[in-house]
Amino acid sequence: MDFIKLNLNENIISGLENQNITVPTEIQALSIPEILNNKDVIGEAHTGSGKTLAFLAPLFQKIDTSKKELQVLILAPTRELVMQIEKQCKLLATNSTLLVTSVPIIGDVNMDKQIKKLKEVKPHIIVGSPGRVRDLILKKKIKAHTIKTIVLDEGDTLLDNTHTKIVNDIIKTTMRDRELLIFSATISPKSLEMAKSLMKDPVIFKNEKKASLNPNIEHMFIEVDERDKPEVLRKLISAESPEKAIVFINRGYDVEMIAEKLNYHHKNAFAMHKRITKEQRQQALENFRNGKINILVSSDISARGLDIADVTHIINLDFPANPSEYLHRAGRTARGNKSGVTISLVTNKDLRALKLYEKEFNIKVRKKSLSHGKLI
């Protein structure tokens, strides 16, 4: 299968080739023809499977660049994911030489500056967080009646109790014949029913396999006592010498303490949590991407949608509270066709959940231990 057979035009195909993307992934091959045909689509596929381009490529082709008006609205639950999709928009526009314009709209940014940017650019695409997008629609600074397509990326999160009303409010401001696309690594039965109620005869691509985790990820665990976790983490990082690792912690207030301990032992770590500023977060991600930092210590704020190439290790200092979080954490490694490792530090009380996750995802999590500076 190639992109020509999916009815993408030469500009888009050339733009993808310039990014070294020549063969469509499964979700791209399934979704692109349906989106070009203006169908509502629900797409579920594991992280790292190319979901963003599954909707961006056909939407770029459908945008009428002769009209300086908003045609596509993409909603995402986190600032990082918004900026990541926006980056993909800019990349595809540049590489395809299509004059498609886009603007990111996120909260905690000066609204007047955003309004000025919208007037200057008159974007074809807005990538935004639901709260700020709704605010600007209510202020009549975003004209929703011209929107042809709405995309909910990480739809399972956007259709949960926290976001549902805001997302519904936004959808109601658009024309009834607009296209609605929902993509996510996992879609719960509740979210699926909610999605269907918003759509017209949606085409559904559900990942029927139990294992929605990338098969290129190796899963391991080390059994530890709770009090020993920081020291075991330090020894594990010394043993593995990861090029790029994300260490996940369930409690946000522990993130800084763990990063400080690692830095004390010369491990070059940065604490990612809600209390740091937008600028600090963006700088840290940039430093992580270019190798100036090789360990991010994070609460789950970074888990969903974050796409950083070459993350070699995911370390769960605290075991994920549910299967969905395990999925989204593990999905930060082994992007595309690369391989990666997920290592969980597990206490006795976590063992039952570990077995459940093995069954849920049809994976084998191998027991390991540290001995003489090596993981064995």
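Sequence positions in the sequence shown follow full-length UniProt numbering and run 1 to 376. Positions of the beta carbon are idealized from the N, C-alpha and C atoms, including for glycine.
Report the three-state DSSP secondary structure of residue 211 (helix, strand or coil). Annotation note: pLDDT 47 at residue 211 (below 50); position unreliable, no value reported.
* Apart from the five residues on each side of it in sequence, which residues of its chain come closer than 7 Å, Cβ to Cβ, to residue 141? -> In its chain, beyond the 5 residues on either side, 115, 118 have a beta carbon closer than 7 Å to the beta carbon of residue 141.
Exercise. How would you label residue 321, buried or exposed, when you count the other beta carbons within 10 angstroms and need 16 or more for buried?
Worked result: Under this definition residue 321 is an exposed residue.
With DSSP collapsed to three states, give me the class of residue 139.
Coil.
Checklist entry - Checking contacts by CB at 8 Å: is residue 197 closer than that to chain D? => result You won't find chain D in this structure, because it holds only one protein chain.
- Item | Any 3 or more C-beta pairs closer than 8 Å across the stretch 134–153 and the stretch 289–298 | At 8 Å Cβ cutoff, the stretches do not touch.
- prompt: Should residue 333 go down as buried or exposed, given a rule of 16 or more other Cβ atoms within 10 Å for buried?
  reply: By the neighbour-count rule (16 or more Cβ atoms within 10 Å), residue 333 is buried.
**Prompt:** Hey, residue 213 and residue 46: beta-carbon distance below 8 Å or not?
**Reply:** Yes, the Cβ-Cβ distance between residue 213 and residue 46 is below 8 Å.
Assuming contact is defined by CB atoms lying nearer than 8 Å, are residue 92 and residue 56 in contact in what I supplied? With a cutoff of 8 Å on beta-carbon distance, residue 92 and residue 56 are scored as near each other.
Below 8 Å, how does it come out for the stretch 278–287 and the stretch 309–328: are there three or more Cβ pairs, yes or no?
Counting C-beta pairs closer than 8 Å gives fewer than three between the stretch 278–287 and the stretch 309–328, which falls short of the contact rule.
- Do the stretch 355–375 and the stretch 71–89 meet, that is, are 3 or more Cβ pairs less than 8 Å apart? As far as the Cβ criterion goes, the stretch 355–375 does not touch the stretch 71–89, which means the pair count is below three.
Discussion item. Tell me the rounded alpha-carbon separation between residue 189 and residue 199.
Written reply: For residue 189 and residue 199, the distance between alpha carbons rounds to 15 Å.
>> So residue 11 and residue 96 are supposed to be a Cβ contact under 8 Å. How far apart are they, rounded?
In response: Indeed they touch by this definition, with Cβ atoms about 5 Å apart.
- Message: Just verifying my parser: in three-state terms, what is the DSSP assignment at residue 160?
- Response: In this structure, residue 160 counts as coil in the three-state DSSP scheme.
Does the Cβ of residue 350 have 16 or more other Cβ atoms within 10 Å, making it buried, or fewer, making it exposed? Buried, since its Cβ has 16 or more Cβ neighbours within 10 Å.
Next item on the list: Measure the CB-CB distance between residue 329 and residue 48 and report whether it falls below 8 Å.
Entry: Not in contact: residue 329 and residue 48 (Cβ atoms no closer than 8 Å).
Practice item. Let me know the secondary structure DSSP gives residue 41 once reduced to three states. Key: Strand.
For this session: For the stretch 272–322, list the alpha helix (DSSP H) runs that are entirely contained and at least 4 residues long, ordered along the chain.
Result: Within the stretch 272–322, the runs of alpha helix (DSSP H) that reach at least 4 residues and sit entirely inside it are, in chain order, 278–289.
Please confirm if the stretch 80–91 is in contact with the stretch 119–130, defined as three or more CB-CB distances below 8 Å between the two stretches. They touch, by the three-pair rule.
(request) Going by CA-CA distance only, name the one from 250, 243, 274 that's closest to residue 267. (result) Nearest C-alpha to residue 267 among 250, 243, 274: 243.
(message) Short of 8 Å in beta carbon distance, which residues of its chain neighbour residue 376, apart from the five on each side in sequence? Order them along the chain.
(response) Excluding residues within five positions, the ones whose Cβ falls inside 8 Å are 368, 369, 370.
**Prompt:** How many whole angstroms separate the CB atoms of residue 343 and residue 222, which I take to be in contact at a CB cut-off of 8 Å?
**Reply:** Rounded to whole angstroms, the Cβ separation of residue 343 and residue 222 is 7 Å, and the two are in contact under 8 Å.
Count the other CB atoms within 10 Å of the CB of residue 291; is the residue buried (16 or more) or exposed (fewer)? Exposed, since its Cβ has fewer than 16 Cβ neighbours within 10 Å.
DSSP-derived helix/strand/coil call for residue 220 | Residue state for residue 220 is assigned as strand, using DSSP reduced to three classes.
Sequence-distant residues of its chain with Cβ nearer than 6 Å to residue 18 (five each side left out): Cβ within range, chain order: 95.
- Task: Could you tell me which of 219, 173, 218, 167 sits nearest to residue 195, measuring between CA atoms?
- Result: Minimum Cα-Cα distance from residue 195 among the listed residues 219, 173, 218, 167 corresponds to 167.
The alpha helix (DSSP H) spanning residue 232 covers which residue range?
Counting along the chain, residue 232 sits inside the alpha helix (DSSP H) bounded by residues 229–240.
I need the straight-line Cα distance from residue 307 to residue 262, nearest angstrom please. Rounded to whole angstroms, the separation of the alpha carbons of residue 262 and residue 307 is 24 Å.
### Nearest-angstrom Cα separation, counted from residue 112 out to residue 103
Computed Cα separation, rounded: 14 Å.
### Message
Within 8 Å, do at least three Cβ pairs link the stretch 28–38 to the stretch 2–11?
### Response
Because the criterion of three Cβ pairs below 8 Å is met, the stretch 2–11 and the stretch 28–38 touch.
key: Rounded separation between residue 42 and residue 228 - CA only   = C-alpha separation (whole angstroms): 44 Å.
message = Let me check one thing: in DSSP terms, what residues is residue 128 bridge-paired to?
response = Per DSSP, 75, 105.
With distances taken between CB atoms, is the gap from residue 219 to residue 366 smaller than 8 Å? Against a cut-off of 8 Å, the Cβ pair of residue 366 and residue 219 comes out as a contact.
So what does DSSP say about residue 170, is it helix, strand or coil? Shown here, residue 170 sits in a helix according to DSSP, grouped into three states.
Review point. At what residue ranges does the stretch 43–67 contain a whole run of the beta strand (DSSP E), taking only runs of 3 or more?
Key: Whole beta strand (DSSP E) segments, 3+ residues: zero.
* Coil, strand or helix - residue 32 by DSSP -> Helix.
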